[in-house]
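For reference, the structure is listed below as structure tokens.
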Amino acid sequence: MALNEKNYELVNEFMEQVCRLASLNSPRLFMDALKGFTRDKGIGGDGWWVTTEFFEAATMTESDIEYLGGRKFDGVVFDEAFNMSEPPTTLLSYQEFYDVLCEYVEKAIKDKDASFQDEAREYLHLFKGNHNLN
Numbered sequence: 001m002a003l004n005e006k007n008y009e010l011v012n013e014f015m016e017q018v019c020r021l022a023s024l025n026s027p028r029l030f031m032d033a034l035k036g037f038t039r040d041k042g043i044g045g046d047g048w049w050v051t052t053e054f055f056e057a058a059t060m061t062e063s064d065i066e067y068l069g070g071r072k073f074d075g076v077v078f079d080e081a082f083n084m085s086e087p088p089t090t091l092l093s094y095q096e097f098y099d100v101l102c103e104y105v106e107k108a109i110k111d112k113d114a115s116f117q118d119e120a121r122e123y124l125h126l127f128k129g130n131h132n133l134n
């Protein structure tokens with residue numbers, strides 16, 4: 001599924017917010033976000049204007065299906081936190097999410113020490129393996 005321009009902006013804003021954690025005084029929060037992704041944990045709450053949720057079509061509940069406008073879906077949903085009353089429009093397959101995540105993480109860690117880079121890449125590798133991605 002291709003992203004339209006509006007959807008790309010939403011994904012871009014979210015990924016930039018996650019990766020800013022690496023350059024601020026919050027490198028552990030950055031790693032916690034990556035670690036959460038490997039466990040299919042989304043991000044949302046105070047300070048996040050975009051929320052993410054991970055879905056597996058085989059285990060979706062009726063409320064999950066209703067939330068996605070009647071669709072079953074394997075992948076990551078990006079939703080504007082202030083617009084939760086409408087079905088989200090930004091759905092990425094796990095491969096699409098991984099590709100975007102790798103791009104942003106590599107930019108965020110390029111100036112960090114080797115152990116920080118290794119840890120971040122290990123979380124990317126775990127996510128890739130968990131979802132049998134290329």
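Residues in the sequence shown are numbered consecutively from 1, following the numbering used here. The beta carbon of each residue, even a glycine, is placed where N, CA and C say it ideally should be.
Burial state of residue i (16 or more Cβ within 10 Å)
{"i": "A58", "result": "exposed"}
{"i": "A114", "result": "exposed"}
{"i": "D46", "result": "exposed"}
{"i": "L24", "result": "exposed"}
{"i": "D111", "result": "exposed"}
{"i": "D79", "result": "buried"}
{"i": "Y136", "result": "This structure cannot speak to residue 136, because the chain is shown only from 1 to 134."}
{"i": "A81", "result": "exposed"}
Element boundaries [alpha helix (DSSP H), containing residue i]
{"i": "D113", "result": "That residue, D113, is in no alpha helix (DSSP H); it is neither H nor E in DSSP."}
{"i": "G36", "result": "P27 to T38"}
Min CB distance residue i to chain B below 7 Å
{"i": "D79", "result": "The structure shown contains no chain B, having only a single protein chain."}
Proximity winner among the options, relative to residue i (alpha-carbon distances)
{"i": "C102", "options": "D64, H125 and D111", "result": "H125"}
{"i": "F54", "options": "K112, C19, Q95 and R20", "result": "Q95"}
{"i": "Y123", "options": "R20, K41 and E16", "result": "K41"}
{"i": "M60", "options": "K72, N12 and V100", "result": "K72"}
{"i": "D74", "options": "H131, V11, P27 and E16", "result": "H131"}
{"i": "K128", "options": "R28, S93, E13 and I109", "result": "S93"}
{"i": "K107", "options": "L91, D64 and E16", "result": "E16"}
{"i": "D64", "options": "V50, E86 and W48", "result": "E86"}
{"i": "N12", "options": "V50, E66, E62 and P88", "result": "V50"}
{"i": "G44", "options": "V76, D99 and P27", "result": "V76"}
{"i": "P88", "options": "E66, Y98, V105 and Y104", "result": "E66"}
Where the beta strand (DSSP E) containing residue i begins and where it ends
{"i": "D64", "result": "It is not in any beta strand (DSSP E) - D64 instead sits in the alpha helix (DSSP H) that spans E62 to Y67."}
{"i": "F54", "result": "V50 to F55"}
{"i": "D79", "result": "G75 to E80"}
{"i": "L91", "result": "T90 to L92"}
Contact test: residue i Cβ vs the ligand HEM heavy atom, cutoff 6 Å
{"i": "V76", "result": "Summarising the ligand content, the structure contains no ligands, and the ligand HEM is consequently not present."}
### Cβ contact check for the segment 20–36 and the segment 119–127: 3 or more pairs under 8 Å
yes
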